[in-house]
Amino acid sequence: MNRAIGDVARMLDTSADTLRYYEKIRLIPRPTRDAGGRRSYSDKDIERLRFARNAQALGFSLADIRQLVKLRDAPHRARPEVRSIAELKCREVEDKIQALQSIHGELSLLLNLCQGPDQRGDCPILHGFEDRPQAAEPEATRRPQVRAANSPTDR
Numbered sequence: 015m016n017r018a019i020g021d022v023a024r025m026l027d028t029s030a031d032t033l034r035y036y037e038k039i040r041l042i043p044r045p046t047r048d049a050g051g052r053r054s055y056s057d058k059d060i061e062r063l064r065f066a067r068n069a070q071a072l073g074f075s076l077a078d079i080r081q082l083v084k085l086r087d088a089p090h091r092a093r094p095e096v097r098s099i100a101e102l103k104c105r106e107v108e109d110k111i112q113a114l115q116s117i118h119g120e121l122s123l124l125l126n127l128c129q130g131p132d133q134r135g136d137c138p139i140l141h142g143f144e145d146r147p148q149a150a151e152p153e154a155t156r157r158p159q160v161r162a163a164n165s166p167t168d169r
């Protein structure tokens, strides 16, 4: 059974624009079109989209997902490469956890310094921000930058 883009977007809890973008960057093949020129997604298309959305929810980049989709289409020889990609993602997650734990420790310390009323009216949290040596934000905590739709990189 073929479905319209809006139906598929609702099924996958995403937007029609996201589905069009996946098509544009060739993450998925172009779906067939109905007589009116509207996209018509097959069950196989929906499976591939669900696969991509689930991989993305686990933190894989679109470049990783593109590679995983290709490997999914040839599963008989994919296992070692898929495992390698997943191991790398797992290490990245561990690095993010460490960075976030460090931030949590600093914030907890500042909160402990801020207990009770301060007669001077000073705020130890604000002073903590001022006194802290400026360091580059850990990559693990950075939000991904939005790139132009025609950007050659999709990470």
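First residue of the sequence shown? That's 15 in the numbering used here, and the numbers climb one at a time after it. The C-beta atom is built at its ideal place from N, Cα and C for all residues, glycine as well. This one's a predicted model, so the numbers in the text were calculated from it and none came from an experiment.
Check: Separation of R24 from P173, as counted between CA atoms; Outcome: Here the chain has residues from 15 to 169 only, and residue 173 is not among them.
Check: Within 8 Å, strictly: CB atoms of L85 and A92; Outcome: yes
Check: Buried or exposed by the 16-neighbour rule on C-beta atoms within 10 Å, applied to F74; Outcome: buried
Check: Where S122 sits in the DSSP three-state scheme; Outcome: helix
Check: Cα-Cα separation between I79 and I139, rounded to whole angstroms; Outcome: 41 Å
Check: Whether L82 touches V22 by CB criterion (8 Å); Outcome: no
Check: Cβ neighbour criterion (16 or more within 10 Å) applied to D87; Outcome: exposed
Check: The ligand SAM heavy atom lying under 7 Å from the CB of Q81; Outcome: Summarising the ligand content, the structure contains no ligands, and the ligand SAM is consequently not present.
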